[in-house]
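Using my numbering, you'd call the opening residue of the sequence shown number 107 and step up by one each time. We put the beta carbon where it would ideally sit given N, CA and C, even for glycine.
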Amino acid sequence: HPEIMIAYGAALSLDGMFAGNSSWYMPKHYLDLLENPELRAHLQASADGPLFFESEEEHRAFNERHQLPEFTPYVPQKGETIHAYLGIDSGSTTTKFVLMDEDENLLDSFYAPNEGDPLTIAKTALLTIHDRYEKADAKLDIIAAGTTGYGELLFSKAFSTECHVVETVAHARAADKYIKDATFILDIGGQDSKVIRLNDDGSVKNFVMNDKCAAGTGRFLEMMAKTMEMSLDELSKVGLSYQEDITISSMCTVFAESEVVSLIAQNKATDDIVHGLNKAVAAKTASLVKRVGGEEAYMMTGGVAQNQGLVRTLEERLGTKLVISDKSQLCGAL
Ligand code: ADP
107 HPEIMIAYGA ALSLDGMFAG NSSWYMPKHY LDLLENPELR AHLQASADGP LFFESEEEHR
167 AFNERHQLPE FTPYVPQKGE TIHAYLGIDS GSTTTKFVLM DEDENLLDSF YAPNEGDPLT
227 IAKTALLTIH DRYEKADAKL DIIAAGTTGY GELLFSKAFS TECHVVETVA HARAADKYIK
287 DATFILDIGG QDSKVIRLND DGSVKNFVMN DKCAAGTGRF LEMMAKTMEM SLDELSKVGL
347 SYQEDITISS MCTVFAESEV VSLIAQNKAT DDIVHGLNKA VAAKTASLVK RVGGEEAYMM
407 TGGVAQNQGL VRTLEERLGT KLVISDKSQL CGAL
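Structure, rendered in structure tokens:
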């Protein structure tokens with residue numbers, strides 16, 4: 107049993123180290139220690155008061171600003187034909203698409219992990235929508251389709267789309283439609299993060315991207331969530347109520363993971379560790395912002411915009427409020 111060898115060694119060494127010690131404890135003693143009210147109170151303190159917000163009012167205002175409304179897809183009526191545009195954003199980790207009517211209203215959308223086969227994922231989702239129209243005795247007519255993202259060319263070829271467009275332009279186009287006064291877009295996705303600077307007319311002026319490593323991206327946060335055995339949803343929220351300002355000094359995912367493991371071993375509160383991770387991602391993003399020469403007003407796009415703790419940490423780091431559309435995950439596809 108190599109996995110328990112070291113614990114075995116710890117037990118064996120006690121014999122020599124405490125040979126003259128006569129007191130013996132039963133397992134119950136250790137369990138009682140864990141139930142100790144003082145120790146519990148200390149552990150509980152971490153969940154008590156949010157440092158991020160000076161008042162409940164401020165906390166509520168933040169939640170309202172970043173609330174994610176439920177989107178209800180259009181319900182087709184019997185006998186009608188809906189003409190729609192299809193936009194597909196094939197990212198490195200997720201596939202998303204939108205269907206838009208001729209007046210640019212959102213009819214339907216899709217967002218899911220690639221699972222190694224983005225074409226099949228998208229095809230299945232499109233067929234499901236097609237079936238829904240057919241069942242309602244309606245017809246869905248795709249006028250034109252466009253693609254963007256990592257799989258821009260793959261999808262364009264596979265679905266014989268009319269156009270394909272680079273990701274930065276797609277994001278800028280969505281910003282222009284949904285958030286008029288945005289001058290910067292922070293796009294943090296699964297494996298890359300970008301800062302795009304816009305011209306007054308909404309076109310792309312320039313942009314910078316992270317280097318080829320997961321630091322500062324959604325993948326970094328996903329791996330940490332796995333290490334801490336929590337879901338992404340939990341990870342997104344717990345950082346909001348930190349107590350101790352922990353700094354994770356490693357940007358590298360592998361080293362950061364061992365830092366997290368050692369913080370867990372030091373019994374640090376989960377909220378505080380997650381806040382430390384959020385600070386690491388915010389620092390990385392802030393350095394991209396600096397390179398592109400950032401000022402206000404920032405719009406945030408990409409899946410990581412769903413992470414409320416990170417959004418708040420970024421707002422603090424950049425000293426501004428981030429504008430996040432309710433369609434932040436779909437911006438490229440839009
Ligand atoms: P891609 O780079 O493939 O386009 P996305 O922009 O969809 O990826 O971003 C994917 C990342 O978004 C994931 O790695 C994850 O960290 C984050 N993410 C997605 N959904 C959520 C969510 N509900 N809460 C927190 N983070 C999320």
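- Scanning its chain for C-beta atoms nearer than 7 angstroms, with the 5 sequence neighbours on each side dropped, one finds around D243 the residues K184 and G185, in chain order.
- Between the C-alpha atoms of K245 and E164 there is a straight-line separation of about 47 angstroms.
- In this structure, R325 has its beta carbon less than 7 angstroms from a heavy atom of the ligand ADP.
- Closest in alpha carbon position to D432, among L394, L137, A281 and S266, is A281.
- Shown here, I227 sits in a helix according to DSSP, grouped into three states.
- Rounded to whole angstroms, A250 and Q412 show a C-alpha spacing of 29 angstroms.
- Per DSSP, D377 is not a residue of any beta strand (DSSP E); the alpha helix (DSSP H) it occupies stretches across T376 to V398.
- The Cβ neighbour count for V387, taken over all protein chains shown within 10 Å, is at least 16; the residue is labelled buried.
- A straight line joining the alpha-carbon of S434 with that of Q173 spans about 12 angstroms.
- Rounded to whole angstroms, the separation of the alpha carbons of E170 and F361 is 36 angstroms.
- If one requires a minimum length of 3 residues, the beta strand (DSSP E) runs lying completely within the region 299-380 are 299-304 and 310-315, in chain order.
- Given a length threshold of 3 residues, each whole run of the beta strand (DSSP E) inside the region 209-256 is given here in chain order: 212-219 and 245-255.
- In the three-state DSSP reduction, H277 falls in the helix class (H, G or I).
- Contact fails between the region 392-412 and the region 356-376, because fewer than three Cβ pairs, one in each stretch, are under 8 angstroms apart.
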